[in-house]
Amino acid sequence: MQIGFIGIGVMGRPMTLNLLKAGYSVTIFARHPDKPEVQEVIQAGARLAPSPRAVAMASDIVITMVPNSMQVEEVVAGPQGILEGARKGLIIIDMSTIAPTVSRKLAEAASAHGAHFLDAPVSGGSQGAVSGALTIMVGGEREIFEQVLPVLEAMGKK
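Residue numbers (the working numbering): 82 to 239.
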């Protein structure tokens, strides 16, 4: 299973490292690829893509972990966004904390592209991200949740 990850920061870096440790193949996008945390993830085995669109094209599941609603909208539905590279059946998991209205809007946009969208904010902070013990609260289709559960379990325990 090919995983994409967008947002290699305080939370995204350890989450991506845990996915790599669990044996997943991970393609990332980072606005600032020269940052030490991004380089660490690349050295651990992740591949760097030039855009969220390229991440989607290389992935079965794309996870977003960015600071706010506006950035999630941009990486999912903006120019060169995930939906531009989405193929039928792609699963997008937004693990950022965003407005519910934005989450619903993106779920509708994903559906129109034949993709699936799960809203999956986390609690546990950077310590939980490092230890792989995040609490993940998932909203979306149960069948899709069950498909991605092993991926989520690489990053969280509840």
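Ideal Cβ placement from N, Cα and C applies to all residues, glycine included.
message: Output needed for R134: all residues of its chain with C-beta closer than 8 angstroms, excluding positions within five of it in sequence on either side, in chain order.
response: Q161, G162, I163, E165 and G166
query: Going by beta carbon distance, what residues of the same chain come within less than 7 angstroms of A137, once the five residues before and after it are set aside?
result: So the list reads G85, V143, I163, G166, A167 and L171, once near-sequence residues are dropped.
N99 classed as buried or exposed, judged by whether at least 16 other C-beta atoms fall within 10 angstroms: buried
query: Quick one: Cα of Q208 to Cα of A191, how far?
result: 31 angstroms
field: Residues that R128 bridges to, as DSSP identifies them
entry: T108
query: Should P95 be labelled buried (16 or more other beta-carbon atoms within 10 Å of its own) or exposed?
result: Under this definition P95 is a buried residue.
query: Rounded to whole angstroms, how far is the Cβ of K238 from the Cβ of A214, which I believe are closer than 8 angstroms?
result: 5 angstroms
task: List in chain order: all unbroken alpha helix (DSSP H) runs of 4+ residues lying wholly within the segment 194 to 222.
output: 206 to 212
Within 8 angstroms, strictly: CB atoms of V183 and E155: no
- request: For my contact list, I179 and L199 are in at a C-beta cut-off of 8 angstroms; report their separation, rounded to the angstrom.
  value: In fact, because the Cβ distance is near 13 angstroms, the residues do not count as touching under 8 angstroms.
message: Tell me the DSSP secondary structure of Q228 in three-state form.
response: helix
- prompt: Where do the ends of the alpha helix (DSSP H) carrying V153 lie?
  reply: S150 to A158
message: The beta strand (DSSP E) that contains V143, what's its start and end?
response: I142 to T145
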